[in-house]
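Numbering (the working numbering), first residue to last: 42 to 141.
We put the CB at the ideal spot given by N, CA and C, even for glycine.
Since this is a predicted model, take the numbers as computed values, not measurements.
Okay, so here's the structure we're looking at.
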Ligand SMILES: [Zn+2]
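Structure below.
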């Protein structure tokens with residue numbers, strides 16, 4: 042279990058200094074269909090490559106087990122300028138909780 046505090050003092054890219062910020066987890070956010078990742082996958086589906094896409098999700102990780110943890114999308118909101126930003130290095134955890 043990974044627990045992080047809801048209010049943190051972090052660097053704000055807009056203010057260019059350390060400010061008090063609140064964190065929230067972003068969920069149900071659909072990826073843009075114009076992203077390179079999505080276009081690459083769609084090209085593989087259209088043209089076909091090997092046995093891609095795999096019909097059985099259990100066969101995604103060949104020879105290994107499926108991942109039990111995932112990257113969490115976090116969004117920090119600065120209390121001084123009101124702008125929000127996303128960190129490039131996300132937290133990877135199976136169980137994740139924001140302390141309040
Ligand atoms: Zn700020």
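Same chain, Cβ closer than 6 Å to residue i, neighbours up to 5 away in sequence not counted
{"i": "residue 53", "result": "60, 119"}
Spatial distance of residue i from residue j (CA atoms)
{"i": "residue 133", "j": "residue 43", "result": "9 Å"}
{"i": "residue 77", "j": "residue 109", "result": "26 Å"}
{"i": "residue 69", "j": "residue 89", "result": "29 Å"}
{"i": "residue 63", "j": "residue 73", "result": "25 Å"}
Beta-carbon contacts of residue i that lie in its chain and below 8 Å, excluding the five residues immediately before and after
{"i": "residue 112", "result": "131, 132, 133"}
{"i": "residue 55", "result": "119, 122, 124, 126"}
Residue i, enclosing beta strand (DSSP E) - first and last residue
{"i": "residue 50", "result": "48-53"}
{"i": "residue 84", "result": "Counting along the chain, residue 84 falls outside any beta strand (DSSP E), though it belongs to the alpha helix (DSSP H) covering 77-88."}
{"i": "residue 112", "result": "111-113"}
{"i": "residue 60", "result": "58-66"}
Beta-carbon proximity of residue i to residue j, cut-off 7 Å
{"i": "residue 116", "j": "residue 65", "result": "yes"}
Cutoff 7 Å; reference residue i; Cβ partners in own chain excluding five residues on either side
{"i": "residue 45", "result": "64, 139, 140"}
- prompt: Near ligand 1, which residues have their beta-carbon closer than 7 Å to a heavy atom?
  reply: 53, 55, 56, 60, 119, 121, 122, 124
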